[in-house]
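Worksheet for the structure shown next.
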C-alpha cells in the first residue's frame, strides 16, 4: 500500500503495525519483560532488528489510524492496513490486562481513551457510508464486514467486558447519536453485502477469489452475526435502549426497521449448507430480539414512535408482514427442521417471532392489520386434524425444539483469517469456526411458552377496548375466522394433515376445547386468567355463530336464531375484497372504510337482538372487552366469568346444545399437563370449584417442571396491563376529591404512584397518568350515554355527578369497558314496578350509599346482577368490618342472575349463594363490594 510520506513518527507507526499485528498479547508481554524502558527488540521476517517504543506506539496508534481514515482513497489496501492496526490495538488492550504498568500507559490515560473512542466512532461512520459497487465474491465485502465487527468488539477491549460499563461510557459521549446511527448503518451495509453474495451463491456465479463460495458466504454470515449480536447486547441494557428510542433517525424515521426488514428477507434455500442455514436463522432471531427489546421499553412506546408518520408506519407494517410470513412457514412444516444438525443451532426464531406478533396483536396500530394478514394461518391451525393439533399445541413434549447460541468473537482470529486467506499465493484456504455457546431452555418450558403465545393471539385479537380500538374492529376477528373457515387452507400448512371427512366447525370446536383445557394448566406460570377467559369468550362466540348460521352440520332450531345473522350475510361481507392492500409488497396500512364496518356493526346488532335471552352470549359485542381482575387476590369476585352468561357450554339454541353434547366426549389426552383430562373445560361450575381447580393446576404445572417458573418468569414479557386492586382504587378515588386534576401535576403523580405501589401491584407515574386520563374519558362518555338515555341532554348538573363506570376499575394502562353502564339507564333493562321510579345511576364513589337507599348491584364485567335496598354500611357483618373491606350489606328485591350463583363473599353464616342467603334471612341479604354498588336516583 502507498502511504503518503509523513513525519518519522508516522513511518515508525506503519512499520510497527506491519511487524507486530500478528504477535499475540502473550508474546508481547514476554518481549516487554525482557525490555528496558518499554522499548522492545523485535526480529523481523527479513532478519533485521526493529526497536519499538511501546509506550509511544500505544499513545500514537489511535490517532495514526484516524488520520488514515481521512484519506479520500478507500480501497482494499487501506482496509487491510486498518485491519492490521485494529488487530494490534486489540493485542495492546489485551496486554494491558496482563501488565499493570502498560495498563496505566494505555487505559488510564484520558487522552488515549478519547482517541480510541473517536477512532471507533469515525471508522463506523466511514464504513456505514461506504457505497461502492463490488463483485459479490470479491475481497471487499469480507474486509468491510470484518472491520465493522472488529471495531464494535474493540470497545470491549479498552472499556470493559461488562455491558453496563460500555453503555455508561457511550452514553456519556457527546456524539452518542452519531455512534448509534453509524453502528446500525454499518451493520446494514454488511447485510447488503451478504444479501448480494447469497444471491450470487444461489445462482452459482463464478468465484474470483481463491476461497470457495461457501467459505465466503459463511464468513460473511459470521461477521454479520458478530456485529448484530453486539448491537443486541447493547439494546438489552435499559439505559441504552431508552436513549436509542429518542433517536429520531433510527426509530421515528425507521432506520432500524430497514435493517430488520433486510435481515428478515434473507432467503434460506434448502440447498444451502446446514451451517449457512443456521447462521442466517440466528441472524433473524437476533434482529427479532432487538425489536422485542425496543417494543418492551417502558418509558417510550417504540410502536407509537414508528406510527407517528405514515411512511414509518407503512415500513413497520412491512416488517410485521415479514414476521407473519416467517411464522406461516414455521407453523407449516414439521419441527424436525429446527435441529437437523445440533452442532449449528438455529436460534429462537419462531419463539421471538411469536413474541413480537403477540405485541403486534396487543397494539392498536397493528391489531387490525394482523387480523387481516394472519387470521388465515390461525384458522388453518385450529382446522388441523385433532392428533396433529394436540401434538403441536397441547403437549409439553414436542418432538423437536429451537436452540439459541451466542457467538464468541475473536478479533485476532478473524483478522488473521482474512489477511492470510485473501492473498494470491494461498492455494488451500483454511476454515474459520467461532465457538458457539448454546442457550436452550427445557423442552417443556419451550412448548408451554409457545402455546401460551398462541393463546394470547386469540385473546388479544378478539379483545375489544372501547377507548382504544376503533369501532369497526368490534367482532372483526371472529367474523374473519368464520370467513376463513369456508376456504381451503391446507396449502398454508403443507407439513400437516387436515381431516376432510369431518365438518370444519366440529374440528375447530374440538381443537379449541382441547386448547382451553391445556391453557388452564398453564396458569399462572405462562398464562394469566384474563387471557384464558378471553379465549373462552372467543370460543363461545364462535360456537354461537356456528349455531346461528347453521355452519357445519348443526342447524339452528330456535326461531330467534333463525331471524339473526345468516352465513350469507357474513359471506357477503368479504373482508379481503376491501383490504387487498394489506398483502401488498410495501406493507401499507389497510384502509378501513366506514361503510363496510357500519354494515358489519348493524349485522352484529341484529344478531344480538335475535338471540335467545338464555343464550350463552346475549351481549356478543360487549363480552369481548378486556376482562379486568378486581378480586381481592384469590379470584372470589370473578363469579361472573363462569356463570351461564360466560360459558360457551350453555346455549339456548338446540343446535348449539347438540354441538356441545358431542364436544363433551372429546379426548384431551394430548393435553398432557392438564389436570382436567377427559373433562369438558367449559362445563358449568361454581367459583369455589374453579378456584380449587386452578390451585390444583398451579401445583401440577410447578411439580411437573420445577424449573419452569424460574426460567419463564424471567423470560416472559412484562404485560402492559397492571391490575390495580380495590384498595388502590379506593385510595386514588379519595385523593381525586381533593385534587381532581391530578394528571396535570407531575410531582403529585409520582407521589401517589409510590403510595399506591405499597398497597398492591407496582404503579408508575406514567401508568397512573394514563389511568386518570382514561377514567376522565369514561366518565364523560358515560354521562353522555346516560343523558341520552334519560332525556337529560340539557342538564349540565347530571354530568358532574357521574362517578366511575361500573366494573371499570382496570389497569393504569388498559381502559375498561364503558358500554354497559348506559344499558342500565336505557330501556334495555326496564325496572320492575316496585323500582320504576328509580331510573338513573348515581355516583359510585365509596361511602356515598346510605342505609335504606335503593341501589344496583353490578358484576365484575359490568353486567347487572340485581337491584335492592342498602341494609348496612357501617360496623361489622358476621365478624367482617364493612369499612376495612369496602363492602356493604344489601337486601335484593330483584335478582337478574341465577339464584344458584356463588356470592363474592361466601360464608357458612350468611350463605354461599343467593338462594342460601334468602333461606337464612328470609330476604336475599348479601354482602357486596362498595365499588360495584351504585345508587339509583329518583325520577322525581
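In UniProt numbering, the protein residues as written are 1 to 940. Each residue gets a CB set at the ideal place from its N, CA and C atoms; glycine is no exception. Predicted, not measured: the structure shown is a model, and the values here were computed from it.
Can you tell me whether DSSP reads residue i as helix, strand or coil?
i: residue 53; result: strand
i: residue 853; result: coil
i: residue 416; result: helix
i: residue 528; result: coil
i: residue 294; result: helix
i: residue 318; result: helix
i: residue 944; result: For the chain, the structure presents residues 1 to 940; residue 944 sits outside this window and is missing.
i: residue 864; result: strand
i: residue 947; result: The question about residue 947 has no answer, for the chain in this structure spans 1 to 940.
i: residue 907; result: strand
i: residue 223; result: helix
i: residue 265; result: coil
i: residue 62; result: helix
i: residue 472; result: helix
Who are the Cβ neighbours of residue i in its own chain at under 8 Å, not counting the five residues just before and after it?
i: residue 367; result: 360, 361, 460, 461, 469, 473
i: residue 259; result: 184, 187, 188, 191, 287
i: residue 107; result: 93, 96, 113, 158
i: residue 175; result: 121
i: residue 251; result: 244, 245, 294, 302, 305, 306
i: residue 416; result: 22, 87
i: residue 886; result: 726, 727, 730, 846, 929, 930, 931
i: residue 171; result: 239, 240, 243
i: residue 773; result: 743
Count the other CB atoms, across all protein chains shown, that sit within 10 Å of the CB of residue i; report buried if there are 16 or more and exposed otherwise.
i: residue 70; result: exposed
i: residue 540; result: buried
i: residue 854; result: buried
i: residue 353; result: buried
i: residue 62; result: buried
i: residue 435; result: exposed
i: residue 466; result: buried
i: residue 101; result: exposed
i: residue 27; result: exposed
i: residue 197; result: buried
i: residue 276; result: buried
i: residue 491; result: exposed
i: residue 581; result: At residue 581 the pLDDT is 38, less than 50, meaning the model places this residue with poor confidence; the figure from the coordinates comes in the next sentence. Residue 581 comes out exposed.
i: residue 808; result: Confidence at residue 808 is low in this model, with a pLDDT of 38, below 50, so its placement is unreliable and no value can be given for it.
i: residue 104; result: exposed
i: residue 537; result: buried
i: residue 49; result: exposed
Within the same chain, show all residues whose beta-carbon is closer than 6 Å to that of residue i, passing over the 5 residues directly before and after it, in chain order.
i: residue 328; result: 377
i: residue 201; result: 213, 217
i: residue 957; result: Since the displayed the chain opens at 1 and closes at 940, residue 957 lies outside it and no answer follows.
i: residue 17; result: 84, 85, 88
i: residue 749; result: 765, 768, 769
i: residue 725; result: 760
i: residue 763; result: 753, 756, 757, 812
i: residue 494; result: 332
i: residue 836; result: For residue 836, the predicted model reports a pLDDT of 37, less than 50, meaning its position is unreliable; a value from the coordinates is still stated below. Cβ within range, chain order: n/a, list empty.
Per DSSP, residue i forms a beta bridge with which residues?
i: residue 913; result: 902
i: residue 869; result: 854, 891
i: residue 40; result: 52
i: residue 435; result: 408
i: residue 927; result: 889
i: residue 880; result: 877
i: residue 748; result: The partner list for residue 748 (beta bridge, DSSP) is empty, contrary to what the question assumes.
Given residue i, which residues of its chain have a CB within under 7 Å of its CB, disregarding the five upstream and five downstream residues?
i: residue 90; result: 154, 157, 411, 412
i: residue 308; result: 252
7 Å is my cut-off, CB to CB: does residue i come that close to chain C?
i: residue 215; result: This model lacks chain C altogether, as it is built from one protein chain only.
Q) Is the number of C-beta pairs between the region 205-219 and the region 297-311 that are closer than 8 Å three or more? A) no
Q. Using 8 Å as the threshold, is the region 218-234 in touch with the region 147-162, meaning 3 or more CB pairs across them?
A. yes
Q: Evaluate contact between the region 76-88 and the region 133-145, counting only Cβ atoms and requiring at least three cross-stretch pairs below 8 Å.
A: Yes: the two stretches touch, three or more of their Cβ pairs being nearer than 8 Å.
Q | At least 3 beta-carbon pairs within less than 8 Å: the region 123-133 vs the region 397-411 | A | no
Q. Is there contact here, the region 918-927 with the region 889-906, by at least three beta-carbon pairs under 8 Å?
A. yes
**Q.** Any 3 or more C-beta pairs closer than 8 Å across the region 380-394 and the region 313-321
**A.** no
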